[in-house]
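Participant: Right, I'll just put the structure down here and ask away after.
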Amino acid sequence: MKVELLSVIGLLLCLIIIGIEYIIHYRLAERQDEHSVRETNINRRMTIRVDGVLRAPTRSCLDSELKAIAEDIDGNYEAYEITIQVMNEVKEKRGDSVEKLIDEVKNEVKPVEIYAQMLDDGDVYHKGYALRRLADLGAVEYKDTMIECLDSKNRDLAYNSAMALALMGDVENVARYIMSIENDRQYSGRIINEFFDDFNGNRADLANCLFEQCNDYMKSTIIKALVPYKIDEFRPMYLEGFSGKNFGMKVACIKALAAFGNPEDEQLLQIAAKDKEWVIRAAAVRGLSLLDSPSALKSVKTALTDKEWWVRQTAANAITNMDISPSDLEDILGGYDRFAADAVKAVLYKKIDSLA
Amino acid sequence: MTFLNAVRSFIIVFNYFCMAFTILLSIIYIIQMFVSLFRVRKNYNKHFSDDFRRYVDSHNLLPISLIIPAYNEQENIVQNIRSLMKINYPSYEILVVNDGSTDKTAELVISAFEMHPIETSIRYQIPTKNIRGVYYSKKYPNLLFVDKENGGKSDALNAGINISSYPLFTCLDADSRVERDALLKLSVEFIKDSRTVVAGGIVRIANGSKIVDGELKGFSMPKKLIERFQIVEYYRSFLSGRVFWSATNSLLIVSGAFGLFRKQTVIDVGGYKPNTIGEDMEIVVRIHRYMRKNKIKYKVIFNELSICWTQGPMSLNDIRSQRRRWQIGLMDTLISHRVMTLNPRYGMVGLLSMPYNWIFELFGALVETIGYFLIPFSLIMGELNMFFFVMYFLLAVMLGVILSEGSLVLEQYTHRAAMSAKQSISISIYAILENFGYRQIITIFRVEGILKYRKLRKTWGKIKRKEFEQ
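Line order of the protein sequences matches chains A and B.
When we follow the numbering used here, the leftmost residue of the first sequence carries the number 12, and every step to the right adds one.
When we follow the numbering used here, the leftmost residue of the second sequence carries the number 21, and every step to the right adds one.
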């Protein structure tokens with residue numbers, strides 16, 4: 012009897028769960044419908060409004076259109092972002108004249124207030140989003156809140172506030188955040204790359220601040236992140252790092268030096284092109300290709316016969332950018348090394364096609 | 021003891037075994053569902069603050085090689101390449117690997133994209149069948165067409181890996197469509213955590229949906245019952261199952277139709293295993309095995325917000341062929357890597373995921389099918405307590421409904437459902453109906469796969485699928 016009773020209770024319980032699931036499902040589906048309708052409406056309405064702003068014949072018309080946009084947005088961040096997105100699309104076609112209108116829309120709508128509201132009311136995810144948007148808008152008055160959130164236990168919020176501070180060019184606090192994840196190797200590489208990319212202050216100051224405190228792994232990651240910016244003041248450090256024993260540092264430094272394409276570094280790059288590690292050889296070949304001297308050309312040609320595929324491929328890509336004579340090119344194409352010839356042919360085909 | 025008594029005892033023992041099996045499986049499924057519920061909720065919120073679109077212009081995003089193995093795909097291939105050219109990703113190349121097609125696949129691609137043969141150096145890091153030629157188009161510089169001798173899907177993928185230039189690659193089926201932002205969302209997983217070696221997205225049934233250039237433009241309920249059941253089935257399998265296994269870093273399968281891999285890791289494990297029909301599961305299990313054996317930290321991730329659309333089979337015969345193939349693929353992989361099962365060296369994969377797949381995914385179908393045949397037999401023998409039978413059956417059905425409906429709730433929660441509220445509720449009716457007939461038929465197909473393992477383990481079979489609406 013007890014087992015039978017338990018079975019019936021089990022069944023009833025299942026029925027109740029199914030009922031609850033159906034109710035939740037229905038409510039969510041209804042919300043989804045409302046959301047879709049709202050989104051379509053916002054899209055349509057804001058596109059019309061933007062059109063009105065763009066076509067306003069007089070200043071007073073423009074003012075009234077701007078007011079209408081602000082009324083329509085009414086603190087809704089989605090509507091604001093759609094408006095800016097639509098205007099940016101138009102800007103791509105019409106050019107900078109639209110930029111001024113975007114600024115006027117921003118003045119009228121006051122997006123800082125919208126995101127400040129989100130910052131006050133939202134959960135950690137909305138807070139993080141709001142912080143970054145506020146930084147985009149240059150809302151310095153929220154810098155203290157950003158610094159406060161930097162110490163949050165929630166990793167996403169801390170990351171978003173550090174990103175916001177990077178957008179504002181705050182060396183001290185960004186460095187503090189990066190140092191706090193120094194030992195988290197899975198995470199720190201990405202952070203360093205992203206933060207140096209988006210940093211709106213002096214990158215050399217940020218790097219210097221970090222170099223003073225960080226370990227070698229972090230240092231080499233920072234050097235790699237700095238490669239595209241070619242910061243001259245770090246050249247002595249790169250030269251020192253290349254002659255050191257730390258492999259990661261050696262690779263980072265040769266990559267950084269290669270990016271400069273400085274004739275003074277040719278001898279060093281020639282040595283690196285003969286290194287036993289292919290990563291170093293490939294980086295050196297890339298650097299040599301920027302020099303365009305006969306000896307550099309000779310080394311790149313030699314690299315075409317390297318035992319490592321990547322080095323050969325890098326050399327093939329590099330050689331077509333150098334001042335190579337037709338006879339040299341014929342030598343390679345008709346040479347005994349099929350891989351070198353193939354690699355150069357492939358690059359040439361693409362180059363010729365892109366010119367045609 | 022007479023023979024009859026022995027049979028009676030067996031029936032009683034088996035009935036209890038079935039009951040225990042069902043209860044255990046249901047408990048596991050319910051745990052999976054709850055874990056998935058929290059994960060999906062968290063990921064959905066996190067996705068908002070991550071603001072993945074800002075990565076579109078970032079050079080930190082790793083470039084991707086999209087490898088499309090094509091064997092007799094003349095109906096879909098050109099359309100699929102065109103749709104891939106519109107994806108939202110800063111740097112990618114498309115490699116179409118023609119695996120010795122006997123139809124007009126090669127001619128169609130070459131003429132549609134004005135391609136011409138080029139000589140190029142190929143780094144043979146994984147052995148493959150001979151590559152006959154590589155074609156390039158000046159109009160579409162990020163497209164390469166590789167013509168090779170027939171060697172199967174794995175061989176075509178390996179050839180694609182050899183010729184690819186980028187550190188990440190994804191294998192895409194010629195008859196699937198990825199959403200425009202899907203690769204962006206998946207790729208972000210690799211920069212968010214450098215340990216990530218594989219990231220899989222969700223595969224959804226496109227039957228009834230209108231997908232244009234990787235964008236969902238509308239949904240109408242598919243005509244056939246079998247297609248409607250598959251919609252529910254895919255939601256359950258992906259949103260409940262894979263989210264859970266990914267949370268424990270023991271996901272054993274990333275769908276062959278849509279997965280993003282770190283190329284060097286796949287090369288390190290020796291590439292795709294040739295002559296296997298479950299290559300998508302096999303490669304992931306081999307990666308787990310290699311990484312755990314060599315004590316390398318890694319992650320296999322499932323991202324439920326990256327979507328790939330596929331046309332589900334439309335006839336019972338095609339679905340039979342598909343499910344048989346899946347079951348054979350599962351069995352093949354489990355047998356090949358049996359050493360991992362219950363081996364603590366392989367962590368959660370060895371202790372949880374592998375035994376689960378052996379017991380519930382592989383032999384579960386056998387237990388269920390034996391049950392179907394034993395029930396009438398038990399009735400004849402007078403060993404079946406009707407009350408318990410009805411209760412047991414109703415409980416099993418209701419637990420199935422709870423799980424399917426739970427997945428539909430999860431789907432609705434992520435705001436990804438293209439259906440209207442009315443359509444969404446009507447599709448959930450199929451979460452109930454699938455328990456009366458469809459589920460049983462699928463189970464029998466799976467058992468057929470187990471029984472015909474030796475005979476069919478190297479046969480792919482061709483499934484007729486609907487074309488994508490233009």
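Glycine is no exception: its CB is placed at the ideal position from the N, C-alpha and C atoms.
Computed from a predicted model, the values in this text were never measured in an experiment.
How is S196(B) classed by DSSP in three states: helix, strand or coil?
Facilitator: For S196(B), the three-state secondary structure derived from DSSP is strand.
Participant: For the segment 146-153 of chain B against the segment 197-209 of chain B, do three or more pairs of beta-carbon atoms, one drawn from each stretch, fall closer than 8 angstroms, so that the two count as touching?
Facilitator: no
Participant: With A451(B) and E431(B) assumed to form a contact (beta carbons below 8 angstroms), what rounded beta-carbon distance in angstroms separates them?
Facilitator: Under the criterion of beta carbons closer than 8 angstroms, A451(B) and E431(B) do not qualify as touching, at roughly 11 angstroms.
Participant: Is it buried or exposed for V116(B), if we count other Cβ within 10 angstroms and need 16 for buried?
Facilitator: buried
Participant: Measuring straight from C-alpha to C-alpha, what distance separates I343(A) and T313(A)?
Facilitator: When only Cα atoms are considered, I343(A) and T313(A) end up about 10 angstroms apart.
Participant: For the segment 70-92 of chain B, which residues have a beta carbon sitting closer than 7 angstroms to at least one beta carbon of chain A?
Facilitator: D71, S78, N80
Participant: Y37(A) to S257(B), Cα distance in whole Å?
Facilitator: In a straight line, the C-alpha of Y37(A) is about 21 angstroms away from that of S257(B).
Participant: So, at 6 angstroms on beta carbons, what are the nonlocal neighbours of A293(A) in its own chain, with the 5 sequence-adjacent residues on each side left out?
Facilitator: W321, V322, T325
Participant: For T330(B), which residues does DSSP report across the bridge?
Facilitator: S196(B), I225(B)
Participant: Taking the straight line between their C-alpha atoms, what separation do you get for Y240(A) and K315(B)?
Facilitator: 37 angstroms
Participant: Assign N323(B) to one of two classes, buried (16 or more other C-beta atoms within 10 Å of its C-beta) or exposed (fewer than that).
Facilitator: buried
Participant: Between which two residues does the beta strand (DSSP E) containing F281(B) stretch?
Facilitator: Counting along the chain, the beta strand (DSSP E) containing F281(B) begins and ends at 278-282.
Participant: Beta-carbon separation of L272(B) and N363(B) under 9 angstroms?
Facilitator: no
Participant: Along chain B, in chain order, which residues have C-beta atoms closer than 9 angstroms to that of D114(A)?
Facilitator: Neighbours of D114(A) on chain B: none; closest Cβ ~21 angstroms, over 9 angstroms.
Participant: Roughly how many angstroms lie between the CA atoms of I211(B) and G212(A), to the nearest whole one?
Facilitator: I211(B) and G212(A) have their C-alpha atoms spaced approximately 24 angstroms apart.
Participant: Since G384(B) meets chain A, which of its residues come closer than 9 angstroms, beta carbon to beta carbon?
Facilitator: Those within 9 angstroms of G384(B) in chain A number zero; the least Cβ separation is about 20 angstroms.
Participant: Should the segment 81-88 of chain A be called in touch with the segment 121-139 of chain A, which here means at least 3 C-beta pairs below 8 angstroms?
Facilitator: Because the criterion of three Cβ pairs below 8 angstroms is met, the segment 81-88 of chain A and the segment 121-139 of chain A touch.
Participant: Give me the subset of the segment 184-206 of chain A whose CB atoms are less than 8 angstroms from a CB atom of chain B, sorted by chain position.
Facilitator: The residues in question are R196, Q197, Y198, G200, R201, N204, E205.
Participant: What are the residues of the segment 188-214 of chain B that lie near chain A, defined by any Cβ-Cβ distance shorter than 7 angstroms?
Facilitator: Residues of the segment 188-214 of chain B with a C-beta atom less than 7 angstroms from some C-beta of chain A are I211, K212, D213, S214, listed in chain order.
Participant: Out of S174(B), F189(B), N182(B), state which residue places its alpha-carbon closest to the alpha-carbon of S141(B).
Facilitator: If we check each option's Cα against that of S141(B), N182(B) comes out closest.
Participant: Below 7 angstroms on C-beta distance, what does I35(A) contact in chain B?
Facilitator: Chain B residues near I35(A): V429.
Participant: Please confirm whether R323(A) has its beta-carbon closer than 9 angstroms to some beta-carbon of chain B.
Facilitator: yes
Participant: Note the first and the last residue of the continuous beta strand (DSSP E) segment covering Y155(B).
Facilitator: 151-156
Participant: Counting C-beta neighbours from all protein chains within 10 Å, is the total for V19(A) 16 or more, i.e. buried, or is it exposed?
Facilitator: exposed
Participant: For the putative contact between D303(A) and D334(A), defined by C-beta atoms under 8 angstroms, what is the C-beta separation to the nearest angstrom?
Facilitator: 5 angstroms
Participant: What is the residue span of the alpha helix (DSSP H) that G238(B) lies within?
Facilitator: G238(B) -> not in any alpha helix (DSSP H); beta strand (DSSP E) instead, spanning 235-239.
Participant: Does N54(A) get closer than 9 angstroms to chain B when you measure Cβ to Cβ?
Facilitator: no
Participant: L204(B) and Y64(B): beta carbons closer than 9 angstroms?
Facilitator: no
Participant: Tell me, to the nearest whole angstrom, how far the beta carbon of W329(B) is from that of S229(B); I am working on the premise that it is less than 8 angstroms.
Facilitator: 7 angstroms
Participant: So what does N118(B) bridge to, in DSSP terms?
Facilitator: A90(B), D167(B)
Participant: Nearest CA to the CA of R345(B): which residue from L177(B), E468(B), L82(B), N35(B)?
Facilitator: E468(B)
Participant: Out of F34(B), D195(B), S131(B), M53(B), which one is the CA nearest neighbour of L423(B)?
Facilitator: M53(B)
Participant: Of all the CB atoms in chain A, is at least one closer than 9 angstroms to the CB of T148(B)?
Facilitator: No, T148(B) lies away from the interface with chain A (no Cβ there is under 9 angstroms from its Cβ).
Participant: Within the continuous beta strand (DSSP E) that includes H36(A), where are the two ends?
Facilitator: Looking at the DSSP string, H36(A) is not in any beta strand (DSSP E); the run it does join, the alpha helix (DSSP H), is 13-66.
Participant: For Y160(B), does the three-state DSSP call read helix, strand or coil?
Facilitator: coil
Participant: Please look up how many angstroms separate the CB atoms of A150(A) and C160(A), rounded, as I've assumed it's under 8 angstroms.
Facilitator: Contact doesn't hold; Cβ gap of about 14 angstroms is too wide.
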